[in-house]
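Student: Please find one structure pasted underneath; my questions will follow.
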Amino acid sequence: MAFDPEGPLTGELPRVNPDDTGGPPRPHRFRPLRLSLKLAAIALVIYFAWGVIPDVKKAMEELRSVNPFLLGLGLGLQLAALFCYSLLTKAALGPAGHIVSRWRLFRIQMSTKALSNIVPGGSAAGPALGYRLLTLSGVDGPSAGFALATAGLGSAVVLNLILWIGLIASIPIRGVNKGYGVAAIAGIIVMLVAGLLVLGLMDGQGRAERAFRWVARKLHLNEDRTGAAVRQIAERLEDIISDRQLLIRTASWAAANWLLDAASLWVFLRAFGESMDVDALIIAFGLVNILQVVPIMPGGLGIVEGAYALQLPAFGVPKTVAALGVASYRIGQYWIPTLLGGILYATLRVGPWSIKRRSLATLRALAAESEANPESVLDFSARFSRGRKAQQ
Numbered sequence: 232m233a234f235d236p237e238g239p240l241t242g243e244l245p246r247v248n249p250d251d252t253g254g255p256p257r258p259h260r261f262r263p264l265r266l267s268l269k270l271a272a273i274a275l276v277i278y279f280a281w282g283v284i285p286d287v288k289k290a291m292e293e294l295r296s297v298n299p300f301l302l303g304l305g306l307g308l309q310l311a312a313l314f315c316y317s318l319l320t321k322a323a324l325g326p327a328g329h330i331v332s333r334w335r336l337f338r339i340q341m342s343t344k345a346l347s348n349i350v351p352g353g354s355a356a357g358p359a360l361g362y363r364l365l366t367l368s369g370v371d372g373p374s375a376g377f378a379l380a381t382a383g384l385g386s387a388v389v390l391n392l393i394l395w396i397g398l399i400a401s402i403p404i405r406g407v408n409k410g411y412g413v414a415a416i417a418g419i420i421v422m423l424v425a426g427l428l429v430l431g432l433m434d435g436q437g438r439a440e441r442a443f444r445w446v447a448r449k450l451h452l453n454e455d456r457t458g459a460a461v462r463q464i465a466e467r468l469e470d471i472i473s474d475r476q477l478l479i480r481t482a483s484w485a486a487a488n489w490l491l492d493a494a495s496l497w498v499f500l501r502a503f504g505e506s507m508d509v510d511a512l513i514i515a516f517g518l519v520n521i522l523q524v525v526p527i528m529p530g531g532l533g534i535v536e537g538a539y540a541l542q543l544p545a546f547g548v549p550k551t552v553a554a555l556g557v558a559s560y561r562i563g564q565y566w567i568p569t570l571l572g573g574i575l576y577a578t579l580r581v582g583p584w585s586i587k588r589r590s591l592a593t594l595r596a597l598a599a600e601s602e603a604n605p606e607s608v609l610d611f612s613a614r615f616s617r618g619r620k621a622q623q
């Protein structure tokens with residue numbers, strides 16, 4: 232890639248040669264497909280909310296029986312899951328991970344999550360902020376970019392593996408009933424597509440790239456950027472698999488992150504009297520989080536709630552309990568981390584634990600900057616298309 236191999240010392244992102252993505256950037260233009268998807272998502276959210284609101288009103292009567300200890304435990308599990316993700320990033324940093332303390336890395340991780348939760352879905356504002364904070368903390372640019380991209384990709388792969396294990400374990404025990412069958416079939420389709428994608432990228436990168444370019448042309452997308460993204464993902468997979476210690480560390484912390492998150496959902500549901508079967512929990516949790524990857528709303532806002540409102544009753548959870556449990560879960564998983572991340576970002580700007588090299592902009596200013604200069608996560612990752620060895 233065409234950037235300084237040592238990385239910037241000021242926390243600014245390296246400039247990328249336009250040729251890295253297949254040509255000069257094109258001016259912003261109207262995208263009817265993206266607009267249609269967003270409108271459809273909003274319509275689905277309204278549809279599910281309309282069906283859930285009556286159950287919420289009914290469930291208000293059950294709030295007297297809620298277990299406050301379990302609510303606190305669910306929030307604690309969420310914070311533990313977020314801490315595990317910061318350790319995942321630390322593991323992906325390799326030797327450079329010793330430069331940044333766990334406490335600072337956790338504050339950086341929470342800051343990036345807070346920003347990602349308030350900017351449009353698919354924006355690279357969060358990873359870009361993480362890159363800036365890591366380099367300001369003394370990590371070289373290539374290591375910071377590699378770690379952020381590896382943590383994201385490794386986490387996604389582990390989520391799919393957890394879903395696959397849940398499906399394999401559940402079908403012989405539970406069988407296939409009317410409600411479960413839809414989720415199981417959807418999960419199998421998702422896993423088959425993901426598996427074929429990984430195999431195609433690893434064993435036949437050229438064929439996979441040509442296939443994605445064909446899809447991009449049919450959808451009137453930039454096929455050069457799509458091809459560059461496919462190459463970047465394939466190379467990232469090669470980097471992870473070729474380093475066994477890196478693979479074990481990242482897989483372990485990614486699994487801990489997802490399992491603690493799923494346990495948090497179970498505890499929030501249990502706080503309202505519902506004990507969900509573990510296999511059903513894993514399947515519903517996996518499918519919803521895979522759906523959340525679709526870059527439509529910030530942090531999957533509205534999408535996650537609507538998907539759980541559909542999934543949980545299919546596994547036997549009463550609608551009233553599902554409504555309250557999911558609402559409590561999303562407070563602990565989305566809203567509180569966003570607020571806490573803003574506070575922790577402030578400690579990076581001012582105070583005894585701040586970054587001394589230079590002042591940092593506010594989260595509001597960073598969000599406005601991402602709106603004025605939009606960049607996708609794939610474009611951000613394309614800046615670091617090879618591992619540390621190739622970049623240094």
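What the sequence shown shows, in the numbering used here, is residues 232 to 623, in sequence order. For each residue, glycine too, the CB sits at the ideal point set by N, CA and C.
(1) Can you name the start and end residues of the alpha helix (DSSP H) that P358 belongs to?
(2) Buried or exposed: G303, going by 16 or more other Cβ atoms within 10 Å of its Cβ?
(3) Take I521 and list the residues in its own chain whose beta-carbon comes closer than 8 angstroms to its own, dropping the five residues that flank it on each side.
(4) Can you tell me where the alpha helix (DSSP H) holding L318 begins and where it ends?
(5) Looking at the structure shown, is A511 part of a helix, part of a strand, or coil, going by DSSP?
(6) Take every Cβ of the region 477-493, pair it with every Cβ of the region 322-329, and state whether three or more of those distances are shorter than 8 angstroms.
(7) Kindly indicate which residue of W566, N298, R561 and I339 has the alpha-carbon position closest to the one of L367.
(8) Of the choices E536, S559, K550 and G547, whose alpha-carbon is the least far from that of P299?
(9) Quick one: residues in its chain with C-beta nearer than 6 angstroms to the C-beta of L318, no 5 flanking neighbours on either side, listed in chain order?
(10) Give the DSSP-derived three-state secondary structure of V581 in the structure shown.
(11) Per DSSP, what kind of secondary structure is H451 in: helix, strand or coil?
(12) Cβ of E505 within 8 angstroms of Cβ of G556?
(13) Put V446 into one of helix, strand or coil per three-state DSSP.
(14) What whole-angstrom Cβ distance do V548 and L500 have, given they're in contact under 8 angstroms?
(15) Secondary structure at F546, three-state DSSP: helix, strand or coil?
(16) Taking Q523 and G531 to be in contact with their CB atoms under 8 angstroms, please state how far apart those CB atoms are, rounded to whole angstroms.
(17) Measure the C-alpha to C-alpha separation of L491 and L306 and round it to an integer number of angstroms.
(18) Is the distance from the Cβ of A359 to the Cβ of N488 below 8 angstroms?
(19) Quick one: what's got a C-beta closer than 6 angstroms to S495's C-beta in the same chain, skipping five residues either side?
(20) Report the three-state DSSP secondary structure of S473 (helix, strand or coil).
(21) Verify the contact flag: R561, CB atom, against every heavy atom of the ligand SAH, threshold strictly below 7 angstroms.
(22) Grab the span of the alpha helix (DSSP H) containing M341 for me, first residue to last.
(23) Do you know whose CA, among G537, L364, M341 and F503, lies nearest W566's CA?
(24) For G385 and Y362, which I take to be in contact (beta-carbon distance under 8 angstroms), what is that distance rounded to the nearest angstrom?
(25) Give the C-beta separation of I586 and D510 to the nearest angstrom, bearing in mind that I take them to be a contact with Cβ-Cβ under 8 angstroms.
(26) So, for G369: in the same chain, excluding its five sequence neighbours on each side, which residues have a beta-carbon less than 8 angstroms away from its beta-carbon?
(27) Are the Cβ atoms of G458 and R444 separated by less than 8 angstroms?
(28) Out of R580, A378, V498 and R462, point me to the one whose CA is closest to A327's CA.
(29) Please list, in chain order, all residues of the same chain as G397 whose beta carbon is under 7 angstroms from its beta carbon, the five residues on each side excluded.
(30) So what's S506 in DSSP terms, helix, strand or just coil?
(31) What's the gap between the Cα of Y539 and the Cα of A345?
(32) Whose C-beta lies closer than 7 angstroms to the C-beta of F503 among residues of the same chain, with five residues either side of it excluded?
(33) Taking 8 angstroms as the limit between beta carbons, can you name the residues of its chain near F448, skipping five residues before and five after?
(34) What are the start and end residues of each continuous alpha helix (DSSP H) run of 4 or more residues lying completely inside the region 368-406, in chain order?
Tutor: This is what the structure gives:
(1) A356 to L367
(2) exposed
(3) A distance below 8 angstroms between beta-carbons, with the five flanking residues on each side excluded, links I521 to the following residues of its chain, in chain order: L390, N391, L394 and V421.
(4) P299 to L324
(5) helix
(6) With a cut-off of 8 angstroms, the region 322-329 and the region 477-493 count as touching, because enough Cβ pairs lie within range.
(7) I339
(8) S559
(9) W484
(10) coil
(11) coil
(12) yes
(13) The three-state reading of DSSP puts V446 in helix, counting H, G and I together.
(14) 7 angstroms
(15) coil
(16) 4 angstroms
(17) 11 angstroms
(18) No, they are not a contact pair.
(19) G305, L308 and Q309
(20) helix
(21) Of ligands this structure carries none, so the ligand SAH is not represented either.
(22) In the DSSP assignment, M341 falls within the unbroken alpha helix (DSSP H) covering R333 to S347.
(23) The residue among G537, L364, M341 and F503 with its C-alpha nearest the C-alpha of W566 is M341.
(24) Actually they do not touch by this definition, with Cβ atoms about 17 angstroms apart.
(25) Rounded, the Cβ-Cβ distance is 45 angstroms, inconsistent with contact.
(26) I330 and V331, listed in sequence order.
(27) In this structure, R444 lies closer than 8 angstroms to G458 by Cβ.
(28) For A327, the closest of R580, A378, V498 and R462 by C-alpha to C-alpha distance is A378.
(29) D510, I513, I514 and G517
(30) coil
(31) 22 angstroms
(32) Closer than 7 angstroms at Cβ, skipping near neighbours: E293, V297, V552, L555 and G556.
(33) Correcting the residue type first, residue 448 is Arg in the shown sequence and not Phe. E454.
(34) 372-405
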